[in-house]
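Numbering (the numbering used here), first residue to last: 34 to 201. In what follows, a structure is listed as structure tokens, so that the remarks can point back to it.
As structure tokens, this is what we get:
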């Protein structure tokens with residue numbers, strides 16, 4: 034079976050990006066023991082990631098690069114903020130350190146993460162961009178399995194594991 038809409042895909046991958054010096058840097062991987070399993074075509078994965086997998090079948094190897102624009106977007110220079118230190122210390126918490134990733138919530142209740150870029154006398158500077166924003170993403174791996182999604186998976190909008198019976 035070839036990868037197409039409403040199929041469940043199990044695959045391995047290695048993800049690399051490049052650093053400021055242009056050197057390739059390892060980010061993460063999914064291996065045969067812990068593959069990435071997803072319902073194809075329902076918007077859970079990056080659209081261009083899925084586009085590169087279209088038509089592949091079990092056993093096929095793949096390798097491609099997504100531009101920053103096709104991945105998590107370019108860095109948004111407006112996505113930086115200075116938060117008052119008091120929002121961390123008022124409830125007895127500690128001020129985060131540079132490099133920490135902190136959970137935040139907007140006024141609509143949406144949760145997201147921000148990276149701490151600096152700590153000043155009265156404020157904590159954070160970067161609200163996705164950690165992979167502004168970076169090209171290089172994927173390589175193997176398609177482990179492609180199968181038709183079950184009716185439950187289609188109704189729920191996500192895969193229930195490689196076998197179709199896990200996850201609930």
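C-beta atoms are modelled at their ideal positions from N, C-alpha and C, and glycine is treated no differently.
Boundaries of the beta strand (DSSP E) in which residue i is found, first to last residue
i: residue 62; result: 57–63
i: residue 70; result: 69–72
i: residue 51; result: 46–51
i: residue 158; result: 156–160
Beta bridge counterpart(s) of residue i as assigned by DSSP
i: residue 168; result: DSSP output for residue 168 lists no bridge partner at all.
i: residue 137; result: 145
i: residue 174; result: 95
i: residue 128; result: DSSP output for residue 128 lists no bridge partner at all.
i: residue 115; result: 158
i: residue 181; result: 40
i: residue 151; result: 158
Closest by C-alpha distance to residue i, when choosing among the options
i: residue 122; options: 147, 155 and 39; result: 155
i: residue 148; options: 195, 50 and 163; result: 163
i: residue 166; options: 104, 116 and 81; result: 104
i: residue 101; options: 113, 112, 169 and 184; result: 169
i: residue 112; options: 161, 54 and 189; result: 161
i: residue 178; options: 184, 188, 194 and 171; result: 194
N- and C-terminal bounds of the alpha helix (DSSP H) containing residue i
i: residue 119; result: 119–122
i: residue 188; result: 184–189
i: residue 84; result: 80–86
Cut-off 6 angstroms between Cβ atoms - residues of its own chain near residue i, not counting five sequence neighbours on either side
i: residue 96; result: 173
i: residue 94; result: 175
i: residue 62; result: 47
i: residue 37; result: none
i: residue 182; result: 39, 41 and 72
i: residue 35; result: 88 and 90
Close-in-space but distant-in-sequence residues of the same chain around residue i (CB under 7 angstroms, 5 per side omitted)
i: residue 58; result: 49, 50, 51 and 52
i: residue 60; result: 48, 49 and 50
i: residue 129; result: 121, 135, 149 and 157
i: residue 81; result: 99 and 103
i: residue 151; result: 131 and 158
Nonlocal neighbours in the same chain, by C-beta distance under 8 angstroms from residue i, ignoring five residues either side
i: residue 139; result: 145
i: residue 191; result: 71, 72, 75, 77 and 200
i: residue 180; result: 34, 40, 41 and 197
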